[in-house]
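In the numbering used here, the protein residues as written are 1 to 491.
A short write-up of the structure that comes next.
Dropping the structure here:
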């Protein structure tokens with residue numbers, strides 16, 4: 001087999017059988033589920049490589065089901081806007097692209113297997129969270145040809161670390177020792193340029209008839225067309241536009257206008273200093289390699305600037321500007337820490353995955369009296385006594401995001417105003433996964449569980465309800481950060 005330019009650590013062979021070169025082997029099927037883009041994508045690059053090896057084209061298959069939990073207009077429309085971008089991109093490049101959207105649960109059953117019958121091999125996205133791992137396991141039982149999953153989640157391949165890190169400091173130190181060689185193994189910015197196959201893949205007519213391709217352009221332009229789908233229509237589309245084009249525009253704006261003040265402004269809601277990348281990273285409309293490249297290029301940074309000493313410190317190892325170091329710690333350390341857990345620990349979203357000390361202290365304070373108690377519905381409708389908390393929840397419901405600093409407070413107050421920590425966890429997961437564009441992601445689960453002690457240490461003095469878990473108040477938050485305009489917008 002010719003040398004692959006995709007690092008072996010990023011490739012997981014699910015069906016280890018020879019490629020199907022006989023009979024129906026007409027194309028390599030790239031099943032796009034998490035890395036929904038045509039650039040800087042190791043999975044697409046791997047599909048192109050296999051196509052080159054067998055002198056056949058690639059068919060890109062991107063589907064959207066309706067039966068997943070929390071399916072709603074907001075999430076659907078964001079993904080469909082990305083599908084419209086992808087359709088235009090692949091059409092321009094002469095690469096076959098097949099978008100499919102279910103009209104009712106189960107309608108798409110059998111489509112992947114039908115496409116795979118005509119495939120030399122199938123390449124999919126290796127994403128460690130939500131329903132995707134179970135979906136790919138089920139698919140493996142239906143696919144008879146070679147089936148590989150490729151990790152294009154972050155700068156560090158998930159399999160590069162064979163242990164779960166319980167503190168950010170420990171993971172940061174691991175990165176300082178191990179990340180550098182992976183910064184050289186970057187995906188092709190234009191993986192399609194490697195293809196020399198002149199023919200385009202074709203989908204059989206009987207497949208097109210049974211599973212018609214979606215009119216993604218129409219759906220992207222007019223969200224009201226989603227009304228016919230059996231999804232939650234109460235969660236309306238966000239003003240945040242999905243897709244690769246919107247993601248690239250945001251990346252350029254951030255680097256030019258906000259990066260150089262990131263370390264100063266990111267915690268202040270009134271400053272609009274955060275990157276806003278998380279929805280695009282979650283749905284794969286933006287690559288972590290694209291972000292890293294743009295940020296480091298803007299700073300004039302070179303790989304040789306990295307320190308030889310692995311300190312585990314937030315600052316200094318990169319030898320970059322302070323604002324870049326601050327950004328990289330959030331973007332790499334904290335983001336990829338969540339992926340480190342999710343791919344190795346199946347119970348990442350269960351209360352029992354919390355550190356023992358956190359479970360113990362929360363249990364000891366379970367019966368502490370709560371001055372305020374709210375139901376899920378009251379939380380959802382911003383009906384608490386706390387003006388700042390209500391504003392954060394309104395932003396979540398309206399826009400599909402909460403300012404990063406306020407998201408921590410949002411979770412801490414839910415812990416304080418529910419009967420016990422398990423209830424608090426259920427409320428946080430429900431609200432975040434239902435409304436947040438970046439919900440259902442390893443990084444968002446990290447944020448939710450951090451509220452309850454994950455990745456943290458025991459704090460003193462011990463407090464009612466919280467015990468030794470870190471405590472936050474709206475009053476202290478209001479003193480620390482600028483909120484006047486934020487409260488005017490969402491209060």
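C-beta atoms are modelled at their ideal positions from N, C-alpha and C, and glycine is treated no differently.
- Annotation for residue 442: the continuous alpha helix (DSSP H) segment containing it runs 442 to 450.
- If you check the CB distance, residue 407 and residue 268 do not come in under 8 Å.
- Around the beta carbon of residue 82, a 10 Å sphere encloses 16 or more other beta carbons of the protein chains shown; the residue is thus reported as buried.
- If you draw a straight line from the Cα of residue 463 to the Cα of residue 480, it comes to about 21 Å.
- Excluding the 5 residues flanking it on each side, residue 164 has same chain C-beta neighbours closer than 7 Å at 340, 341, 344, 345, in chain order.
- Distance from the Cα of residue 151 is smallest, within the candidate group 222, 34, 118, 111, for 34.
- Just measuring C-alpha positions, the residue of 6, 452, 394, 367 sitting nearest residue 184 is 6.
- From the listed residues 159, 314, 431, the smallest Cα separation to residue 69 is found for 431.
- Relative to the Cα of residue 200, the nearest Cα in the group 489, 49, 55 belongs to 55.
- Residue range 356 to 364 is occupied by the alpha helix (DSSP H) that includes residue 364, with no beta strand (DSSP E) assigned at that position.
- When DSSP states are grouped into helix, strand and coil, residue 15 belongs to the strand group.
- Each of 395, 418, 439, 76 was checked against the Cα of residue 221, and the nearest Cα belongs to 76.
- Per the DSSP secondary-structure output, residue 97 pairs in a beta bridge with 60.
- The criterion of a C-beta distance shorter than 8 Å is satisfied by residue 285 and residue 242.
- For a cut-off of 8 Å, the C-beta gap from residue 465 to residue 370 is around 7 Å, short enough to register as a contact.
- For residue 208, the closest C-alpha among the options 402, 98, 448, 366 is that of 98.
- Only residues of its own chain outside the window of five on either side were considered, and among them 382, 490 have a CB closer than 7 Å to the CB of residue 394, listed in chain order.
- With respect to the 8 Å criterion, residue 214 and residue 262 are not classified as neighbours on the basis of their beta carbons.
- In this structure, residue 362 places its C-beta atom within 8 Å of the C-beta atom of residue 452.
- With respect to the C-alpha of residue 29, the residue from 311, 9, 321, 57 having the closest C-alpha is 57.
- Taking residue 385 as the centre and dropping the five residues before and after it, the same chain places the C-beta of 372 closer than 8 Å to its C-beta, in chain order.
- In its chain, beyond the 5 residues on either side, 247, 250, 251, 254, 286, 291, 331 have a beta carbon closer than 8 Å to the beta carbon of residue 277.
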